[in-house]
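What follows is a set of notes on a single structure, which appears directly below.
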């Protein structure tokens with residue numbers, strides 16, 4: 005039986021008001037090590053701000069010239085907000101996420117009260133513990149993931165990420181994966197989410213914005229940003245194992261390799277959410 009949302013949702017939920025400056029939301033994300041903050045007005049959910057929303061600022065510096073303490077939350081928050089009942093199944097949550105192209109759903113009870121939030125990460129936790137031996141990695145992997153060389157310009161990598169529906173790029177050397185770059189990892193580094201992360205290993209301690217980074221380091225390449233030595237998985241492995249690896253290592257995806265270590269695909273959170281929809 006597919007578990008209910010209430011069994012895997014996160015609670016309590018970190019919230020902010022829509023009038024607050026955006027710097028407060030950034031600081032909440034840093035303090036609580038979270039990727040989203042729910043926005044309330046008079047106790048009701050009116051928006052949500054995810055790390056991806058910061059890409060409008062980080063990747064579009066001409067539009068947002070103001071500092072974060074001068075930008076209100078309601079200028080960038082996502083609306084409308086798609087919510088779900090705690091009594092719905094995780095399969096329903098997966099279907100809702102895919103239908104509305106969102107990575108999380110606030111959980112609201114019959115009285116309209118915010119009682120939790122369910123994310124793709126929570127979906128992975130459920131899949132790894134409840135859905136063994138149903139699908140193989142090959143059933144849902146992306147067979148032609150985006151790839152770059154370690155020496156490709158970071159400008160090229162960012163263009164790939166912005167122009168594609170895929171949110172990650174595999175760095176390959178001789179056909180074998182040697183690193184991964186995701187849009188969220190770039191944002192993590194630039195927003196200072198984890199100063200101990202190897203991402204932007206020589207630069208993230210000193211720069212606040214992509215503008216400063218580019219102006220000061222005009223020759224940044226993919227290997228400067230990539231997460232090195234990515235964990236890989238074989239295409240005939242259980243999809244629940246792939247999900248478990250992602251959860252335990254707090255990563256978004258796994259390159260899929262053949263018996264000789266050559267890249268043949270990619271399995272990500274999105275693919276596992278899609279798999280749960282098919283259970």
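In the numbering used here, the protein residues as written are 5 to 283.
In this text, a Cβ means the ideal position worked out from N, Cα and C, and glycines have one as well.
As the structure is a prediction and not an experimental result, all values here were calculated from the model.
Restricting to Cα atoms, I'd like to know which of the options is closest to residue i.
i, options, result
"residue 16", "58, 256, 94, 36", "36"
"residue 58", "78, 126, 280, 113", "78"
"residue 187", "126, 55, 223", "55"
"residue 20", "76, 270, 140, 255", "76"
"residue 130", "249, 270, 265", "249"
"residue 237", "223, 272, 224, 178", "272"
"residue 44", "92, 85, 12", "85"
"residue 256", "98, 176, 226, 170", "170"
"residue 12", "88, 23, 82, 25", "88"
Below 8 angstroms, is the gap between the Cβ of residue i and the nearest heavy atom of the ligand ZN?
i, result
"residue 110", "Ligands are entirely absent from the displayed structure, and the ligand ZN is therefore not among its contents."
Which residues bound the alpha helix (DSSP H) around residue i?
i, result
"residue 155", "Residue 155 -> no alpha helix (DSSP H), and no H or E assigned at all."
"residue 278", "273-281"
"residue 150", "Note, residue 150: premise wrong, no alpha helix (DSSP H); not H, not E."
"residue 102", "94-104"
"residue 144", "141-144"
According to the neighbour-count rule (16 or more other Cβ atoms, all chains shown, within 10 Å of its Cβ), is residue i buried or exposed?
i, result
"residue 110", "buried"
"residue 73", "exposed"
"residue 206", "With a pLDDT of only 40 at residue 206, under 50, the local geometry of the prediction cannot be trusted, and the value read off the model is given with reservation. It counts as exposed."
"residue 116", "exposed"
Following the continuous beta strand (DSSP E) through residue i, name the residue where it begins and the one where it ends.
i, result
"residue 20", "19-21"
"residue 184", "180-186"
"residue 35", "Residue 35 -> not in any beta strand (DSSP E); alpha helix (DSSP H) instead, spanning 26-36."
"residue 242", "Residue 242 -> no beta strand (DSSP E), and no H or E assigned at all."
"residue 177", "172-177"
Look up residue i in the DSSP assignment and give the residues it is bridged to.
i, result
"residue 109", "122"
"residue 48", "45"
"residue 232", "183"
"residue 116", "None; residue 116 has no bridge partner."
"residue 259", "270"
"residue 85", "According to DSSP, residue 85 bridges with nothing at all."
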